[in-house]
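Worksheet: one structure, shown below.
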Amino acid sequence: MNYTFNGLGEYVLLSIETSNVKFSLQARTERAVKEDGNLSDATIFTAFAAKDHSNSSIHVELNRAKDSKRTPLKSI
């Protein structure tokens with residue numbers, strides 16, 4: 133049996149909360165663009181964000197042209 137999940141949207145991939153650990157990892161998917169510029173039925177990960185117990189966070193995402201990434205970092 134084969135199954136392909138082409139979910140579109142924002143997802144919590146991992147969430148951990150214990151007495152001494154708190155961590156969250158989220159991701160965004162968007163429709164892939166074919167070489168001819170048309171949208172594919174497939175989805176790709178276009179952004180990830182993570183946050184820990186100290187509220188330090190990182191956010192990595194593809195730029196609008198989908199040819200490089202930008203990485204804002206935040207530490208409080």
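The sequence shown begins at 133 in our numbering and counts up by one.
Every residue, glycine too, gets a C-beta built ideally from N, C-alpha and C.
Based on DSSP bridge pairs, tell me the residues matched to residue i.
i: A164; result: Partner(s): none; A164 has no beta bridge.
i: L146; result: L157
i: D173; result: According to DSSP, which records beta bridges pairwise, D173 is partnered with nothing at all.
i: T141; result: Before going further, note that residue 141 is Gly rather than Thr in the sequence given. G141 is bridged to T161.
Measuring CA to CA, which of the options is closest to residue i?
i: F137; options: I176, R196 and I190; result: I176
i: E193; options: S172, H185, Y135 and E162; result: E162
i: G139; options: H185, S188 and A174; result: A174
i: R187; options: E167, L145, V153 and S172; result: The sequence given here has Asn at residue 187, not Arg. That would be V153, whose Cα lies nearest to the Cα of N187.
>> Would the region 157-167 count as touching the region 175-192 if we require 3 or more Cβ pairs under 8 Å?
In response: yes
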